[in-house]
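Using the UniProt record's numbering, you'd call the opening residue of the sequence shown number 1 and step up by one each time.
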Amino acid sequence: MDVQQHFVHDPIDLGGPAFRLLRLLKGKGCGIHCEIFQAWVRQREVAISYEALSYVWGSPEAKYVININDRPFRITKNLYEALQHLQSPSQDRVIWVDALCIDQANKLEQGHQVEHMGDIYREAAQVLYWLGPSTYWTKFCFDALRALQDNSRGRPCRAWTPEQWMDSWKSVSNKRNSHPAMERKGLEQLMDRPWFKRIWILQEVANSQAAIVCCGKDSVSARVFTIAPFLMGLEPKPHTQAVLDMMPGLLRKDSWFSGKRDLCTLLRTFRTSDATDPRDFDIRSPRHFIRRHQLHSAKLHQRRTRGCRGRIRVPLPCQAAQLKASYRARSMQSHAIFHRCCS
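Following this line, the structure appears as structure tokens:
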């Protein structure tokens with residue numbers, strides 16, 4: 001394939017809150033065809049309704065071809081699977097996808113877009129939490145949660161207590177041919193997906209005003225998904241529960257996320273999260289955090305990153321001066337996710 005024929009991003013206005021959106025054209029079994037165009041955040045008079053995709057990049061090998069503005073473009077397997085399942089047979093879909101809407105070869109643009117990423121997710125009509133392809137077991141889980149969601153429509157479920165959700169769950173289970181063991185196994189598989197372990201998804205979840213949890217062709221609102229472990233009698237791992245607490249829904253206002261969110265709290269909460277995507281970040285400024293959180297005399301957990309493919313660990317205490325020295329050597333391209341969650 002001649003490289004000259006590949007899709008190339010047109011420049012966007014870096015002097016304002018410009019960004020690109022992807023129009024995923026309708027279709028069924030005819031490949032992925034898209035259009036990319038410029039839009040603006042925080043400008044309601046020209047606002048376009050869109051969704052934002054939150055997913056795991058996975059392997060960086062780009063060997064799957066889609067068409068953007070009638071030009072071929074190679075993408076990763078994870079993104080290709082997501083677009084395949086999100087493509088509608090009957091209507092176009094406007095989505096913000098970082099790997100496609102940001103020119104990954106333009107470092108200046110990358111920095112500009114990271115500045116506006118919180119707004120991009122915050123202003124999305126809904127954020128799509130893509131967990132990956134479905135399995136035999138996850139389908140049982142989604143079938144049960146969709147039945148609960150359907151049963152709650154038209155009711156004041158936003159104000160429901162956990163007990164009211166449980167009553168509705170029992171009522172739905174009694175009316176349908178439920179399979180509790182299979183539903184629980186499906187939920188266990190979902191909560192063990194790599195998406196829950198990624199550092200980068202934290203700002204995407206934290207800024208979501210509404211969200212849909214997607215797995216294959218199955219989907220359910222984040223509001224229903226967050227209550228699922230309670231309904232099915234499961235106890236998520238601490239980092240998974242912390243992500244569930246951040247999602248739009250019943251848990252957000254009553255969890256740790258509605259309280260104090262300083263750096264130490266975030267590091268402690270997400271100390272086991274991974275950072276292997278090319279999107280993974282370096283802290284913007286050590287001085288910023290030292291000043292903001294008054295770390296001049298405190299012992300902190302040290303963030304250690306082995307490049308883009310490393311794993312973030314926070315096991316070792318260190319002095320603020322050591323933290324500052326460690327960060328100074330890092331590039332300053334991206335904003336820290338922890339700062340974004342605190343903002």
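For each residue, glycine too, the CB sits at the ideal point set by N, CA and C.
All values reported here derive from a predicted model rather than from experimental measurement.
Mark residue i as exposed unless 16 or more other C-beta atoms lie within 10 angstroms of its C-beta, in which case mark it buried.
{"i": "His112", "result": "buried"}
{"i": "Arg284", "result": "Any reading at Arg284 needs caution, since the residue's pLDDT is 34, under 50, leaving its predicted position unreliable; the model's value is listed next. Buried."}
{"i": "Tyr129", "result": "buried"}
{"i": "Gln203", "result": "buried"}
{"i": "Val8", "result": "exposed"}
{"i": "Phe19", "result": "buried"}
{"i": "Asn78", "result": "buried"}
{"i": "Asn174", "result": "exposed"}
{"i": "Gly31", "result": "exposed"}
{"i": "Ile120", "result": "buried"}
{"i": "Gly16", "result": "exposed"}
{"i": "Arg198", "result": "buried"}
{"i": "Gly233", "result": "exposed"}
{"i": "Leu108", "result": "exposed"}
{"i": "Ile12", "result": "buried"}
{"i": "Phe289", "result": "With a pLDDT of 33 at Phe289, under the threshold of 50, the modelled position of that residue is not reliable, and no figure is offered here."}
{"i": "Val3", "result": "Low per-residue confidence applies at Val3: pLDDT is 41, beneath 50, and the placement is therefore not dependable, though the value from the model is reported in the following sentence. It counts as exposed."}
Assuming residue i and residue j are in contact, meaning their beta carbons sit under 8 angstroms apart, how far apart are those beta carbons, in whole angstroms?
{"i": "Cys141", "j": "Gly186", "result": "3 angstroms"}
{"i": "Leu145", "j": "Ala211", "result": "At roughly 14 angstroms, the Cβ-Cβ gap does not stay under 8 angstroms, so Leu145 and Ala211 are not in contact."}
{"i": "Ala62", "j": "Ile75", "result": "6 angstroms"}
{"i": "Asp218", "j": "Thr138", "result": "7 angstroms"}
{"i": "Val224", "j": "Leu148", "result": "6 angstroms"}
In the DSSP output, what is residue i paired with across the bridge?
{"i": "Phe73", "result": "Ile66"}
{"i": "Ser219", "result": "Cys214"}
{"i": "Trp40", "result": "Ala18"}
{"i": "Arg93", "result": "Leu24"}
{"i": "His33", "result": "Asn67"}
{"i": "Gln126", "result": "Glu51"}
Smallest Cα separation from residue i: which of the options?
{"i": "Gly118", "options": "Trp137, Leu108, Asp98, His33", "result": "Asp98"}
{"i": "Asn67", "options": "Ile201, Trp137, Gln5", "result": "Gln5"}
{"i": "Gln38", "options": "Ser168, Pro60, Leu14, Gln189", "result": "Leu14"}
{"i": "Tyr64", "options": "His33, Met182, Gln104, Pro248", "result": "His33"}
{"i": "Lys226", "options": "Glu188, Pro194, Gly216, Trp200", "result": "Here residue 226 is Thr; the residue named in the question, Lys, does not match the sequence. Residue Glu188 is the option with its Cα nearest to Thr226."}
{"i": "Ala105", "options": "Asp10, Ile201, Gln209, Glu35", "result": "Asp10"}
{"i": "Ser221", "options": "Thr161, Arg184, Cys157", "result": "Cys157"}
{"i": "Asp143", "options": "Arg223, His179, Val127, Gly132", "result": "His179"}
{"i": "Pro133", "options": "Ser59, His116, Val243, Arg193", "result": "Arg193"}
{"i": "Asp103", "options": "Leu251, Phe196, Leu21, Phe230", "result": "Leu21"}
{"i": "Lys190", "options": "Arg176, Gly216, Arg252, Met166", "result": "Reading off the sequence shown, one finds Leu at residue 190, where the question assumed Lys. Cα-wise, what sits closest to Leu190 is Gly216."}
{"i": "Met247", "options": "Leu231, Val114, Phe230, Ser208", "result": "Ser208"}
{"i": "Phe196", "options": "Trp57, Asn177, Ser88, Asp167", "result": "Trp57"}
Inset, instruction - Specify whether the region 40-59 and the region 74-86 touch according to this definition: at least 3 beta carbon pairs, one from each stretch, less than 8 angstroms apart. - result: yes
Inset, instruction - Check whether the region 151-165 touches the region 239-248, taking contact to mean three or more Cβ pairs, one atom from each stretch, closer than 8 angstroms. - result: no
Legend entry - Inter-stretch contact at 8 angstroms, needing at least 3 Cβ pairs: the region 25-38 / the region 89-104: yes
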